[in-house]
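Going by the working numbering, the residue at position 100 of the sequence shown is 328; the numbering climbs one at a time, nothing skipped.
Glycine is no exception: its CB is placed at the ideal position from the N, C-alpha and C atoms.
Scroll down for the structure; my scribbles are underneath it.
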Amino acid sequence: MKKVLIIEDEISIANIISNSLIEEGFLTTCISRGDLAIDTFLKEKPDAILLDINLPGLNGWDICKSIKQISTVPIIMITARDNEFDEIKGLELGADDYITKPFTPKLLIVKLKKIFKIESSTFFKLNDITFDFNTFTLTTPESIFILPRREAQLLEFFFRNQNIIFSRETLLNEVWGFEFFGDERAVDTVIKRLRKKLGSFETYIKSIRGVGYVFKTN
Ligand code: CA
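See below:
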């Protein structure tokens, strides 16, 4: 069973989320103070975190940043529509997705299932490289790497969608998981890191000038 840590100080919202998740077969833990977040995370070891931004004690941004320094746990930010959310900031701090209040529990569950599908999918082998989607382990003839989440998600996406040319924008939407209208160079940065790890197989990720990227083995 997947355990979700809900960090939200509006108790009515936390209860609605928690009840909907329990109905779907998730386990939940709710806390309402930001300054309890890190300790609770370490103690409960959740499989995902739903994180409000304005919280007493410590805000959601700082919590996200701290947790992402020590863990690859998926974090979905819970945001208010108008003033507090900044996609670029969320991306920089490593948030995996966001959901805007008011939202339906159904949408949240779709997002969580999408995240866990990535986690529960299995193993990929291509010539001399293998990639385990569960553990983010990339094995090449030269080395073994545990990939950071974003690199792992991008590699999985490429494995599943070979020989298709994608624009940076599409990759951001598909891999970063939310609509992004900031700097598309985020994609280039992750691709650069991934190529380095692929070593002699780096040519699998081809740049298409003026368009984007394609994963192609020949
Ligand atoms: Ca709040």
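Delimiting residues of the beta strand (DSSP E) encompassing residue i
i       : result
Lys-353 : 351-354
Ile-239 : No beta strand (DSSP E) contains Ile-239, which is instead part of the alpha helix (DSSP H) from 239-251.
Val-232 : 231-235
Residue of the options minimising C-alpha distance to residue i
i       : options                               : result
Ala-265 : Ile-281, Glu-430 and Leu-354          : Ile-281
Leu-422 : Ile-357, Gly-438, Met-229 and Ser-299 : Ile-357
Tyr-432 : Lys-444, Val-439, Gly-438 and Gly-440 : Lys-444
Phe-386 : Phe-254, Thr-268, Ile-419 and Asp-411 : Ile-419
Thr-300 : Glu-320, Ala-276 and Asp-416          : Ala-276
Beta-bridge pairing of residue i - partner residues as DSSP gives them
i       : result
Lys-434 : Val-442
Thr-268 : In the DSSP output, where bridge partners are listed per residue, Thr-268 has none listed.
Asp-214 : Because the chain here runs from 229 to 446, residue 214 falls outside it and cannot be looked at.
Thr-368 : Its beta-bridge partners do not exist; DSSP assigns none.
Limits of the alpha helix (DSSP H) - the one that residue i falls within
i       : result
Asn-291 : Residue identity differs from the one stated: residue 291 is Ile in this sequence, not Asn. Looking at the DSSP string, the run of the alpha helix (DSSP H) that includes Ile-291 is 288-298.
Leu-422 : 413-426
Ile-281 : Segment: none, Ile-281 is in no alpha helix (DSSP H) and carries neither H nor E.
Phe-429 : From DSSP, Phe-429 is part of no alpha helix (DSSP H); its letter is neither H nor E.
Phe-344 : 333-348
Suppose only complete runs of 3+ residues qualify. What are the beta strand (DSSP E) ranges in the region 371-408, listed by chain order? Here the runs fully enclosed are 372-374 and 393-395.
Does the region 413-429 come close enough to the region 339-346 that 3 or more CB-CB pairs lie under 8 Å? Verdict: no, contact absent.
May I ask you to verify whether the region 276-296 touches the region 249-266, counting CB pairs closer than 8 Å and requiring at least 3? Flag = yes, the region 276-296 and the region 249-266 touch.
Taking 8 Å as the threshold, find out whether the region 272-281 comes into contact with the region 230-239 through three or more Cβ pairs. When Cβ pairs closer than 8 Å are counted between the two stretches, the region 272-281 is seen to touch the region 230-239, the count reaching three or more.
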